[in-house]
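Below: one structure, written as structure tokens.
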Amino acid sequence: MVNEAAASSERMMTPDLMITGEAVALEVLPASPGSRILSGFIDYALYAAGLLVSVVTGLLIGDRVIPHPSEALVMALVALVALGWMVVVPLGVEVLTRGRSAGRMVTGSRIVRDDGGAVRLRHSLVRVLVGVVEIWLLAGVPAVSACVVTRRGKRLGDLLAGTYAVRERSGGVDAPPILIPPELAAWAADADLRALPGHLALVIRTFLQRASSMQPQARLRLGLQLAAQAEPYVAPPPPPHTHPERFLAALLAARRDREFMLELRDRRLEDDARAALRTAPFDVAAPARGK
């Protein structure tokens with residue numbers, strides 16, 4: 025099993041491993057620096073081409089729509105188009121594809137959180153905004169340097185967002201969703217899961233996704249081992265005689281569901297804040313019509 029010092033180090037590119045007593049290894053392989061550089065080159069070449077085509081097309085059409093536009097107007101429109109291709113388009117692609125892009129599809133990789141979960145809007149937003157500086161403005165030099173020296177091949181945006189790129193098995197079948205077993209629903213609703221480390225959650229997720237392909241004895245032994253490691257981080261503990269895999273499934277599913285509910289709450293708060301900004305204060309009367 026990877027010790028905590030190795031897990032927290034960002035010095036060498038190594039796979040995250042958990043070794044069972046039967047020498048069964050669960051691997052979560054970070055994408056190699058070469059793979060990340062290639063996928064980034066493909067993605068940003070496409071974005072740059074789209075930006076160039078949009079600017080040229082806009083200038084050609086703009087001369088016909090607005091003869092002799094001012095320099096300030098031209099610069100404002102170019103900046104708006106640049107914002108779209110440098111921020112909006114990459115952000116939309118990553119959010120809608122859940123961590124993938126054209127370049128990552130070619131190299132067989134995906135962006136995930138440090139605990140192995142799918143990236144959310146806030147993670148992608150941090151990555152894209154940092155990418156404006158480290159990739160667009162500085163020609164990708166900081167991104168490549170960080171990718172080469174960090175253990176998981178992270179660029180600066182990944183370090184700030186808490187994400188990294190993992191290799192995806194080609195030709196694989198999507199794993200079934202992890203659900204809370206019915207007999208553990210009441211326990212999962214009240215359990216405190218906040219102390220569960222991200223690395224342990226990632227290893228548990230990998231085990232549950234690959235358990236069906238493991239030898240029965242190795243599967244049982246590793247399930248017991250992971251359940252024993254996870255139990256100290258959960259309060260209260262699961263009911264006595266709970267099967268280890270069902271406990272692990274309930275643990276991850278409840279954690280995922282709570283993250284989703286927090287995300288929905290944050291979005292509702294943002295929507296309420298926007299609505300409040302659009303509403304006039306109670307002591308400001310709305311302008312009368314016809315005046």
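Quick note on numbering: the sequence shown equals residues 25 to 315 in the numbering used here.
Built from N, CA and C at the ideal position, the CB exists for glycine as well.
Predicted model only: the values in this text are computed from it and were never measured.
Among all the DSSP beta bridges, which residues are the ones paired with Asp139?
For Asp139, which the question treats as bridged, DSSP gives no partner whatsoever.
Rounded C-alpha distance that separates Thr303 from Phe284:
29 Å
Measure the alpha-carbon distance for Gln239 versus Arg298 and round it to whole angstroms.
54 Å
Examine the Cβ distances between the stretch 209-219 and the stretch 229-244 and report whether three or more of them are shorter than 8 Å.
no
Mind checking which residues open and close the beta strand (DSSP E) that includes Arg144?
Segment: none, Arg144 is in no beta strand (DSSP E) and carries neither H nor E.
Mapping DSSP to helix, strand and coil, what is Val113?
helix
Between which residues of its own chain and Thr266 is the CB-CB distance below 6 Å, once the five residues before and five after are set aside?
none
Bridge partners for Thr187 per DSSP, in chain order?
Arg137
DSSP three-state call for Ala55: helix, strand or coil?
coil
Classify Leu75 as buried or exposed, calling it buried when 16 or more other Cβ atoms lie within 10 Å of its own Cβ.
buried
Which value, in whole angstroms, describes the spacing of the CA atoms of Leu145 and Val119?
6 Å
To the nearest angstrom, how far is it from the Cα of Leu293 to the Cα of Ala213?
23 Å
Going straight from the alpha carbon of Val80 to that of Ala235, what length do you get?
54 Å
Whole-Å CB distance - Val130 paired with Ile66, under 8 Å assumed:
6 Å
Do Asp290 and Gly222 have their beta-carbon atoms positioned less than 7 Å apart in this structure?
no
Which stretch, first to last residue, makes up the alpha helix (DSSP H) that contains Val157?
Val157 -> no alpha helix (DSSP H), and no H or E assigned at all.
Is the separation between the beta-carbon of Ala185 and that of His147 shorter than 7 Å?
yes
Am I right that Pro57 and Val172 are in contact with their C-beta atoms under 8 Å? What's the rounded C-beta distance?
5 Å
Quick one, are the C-beta atoms of Ala163 and Arg179 less than 7 Å apart?
no
With respect to the alpha helix (DSSP H) encompassing Gly247, which residues constitute its N-terminal and C-terminal limits?
Pro240 to Ala254
Beta-carbon proximity list for Pro93, same chain, < 7 Å, skipping 5 on both sides
Gly86
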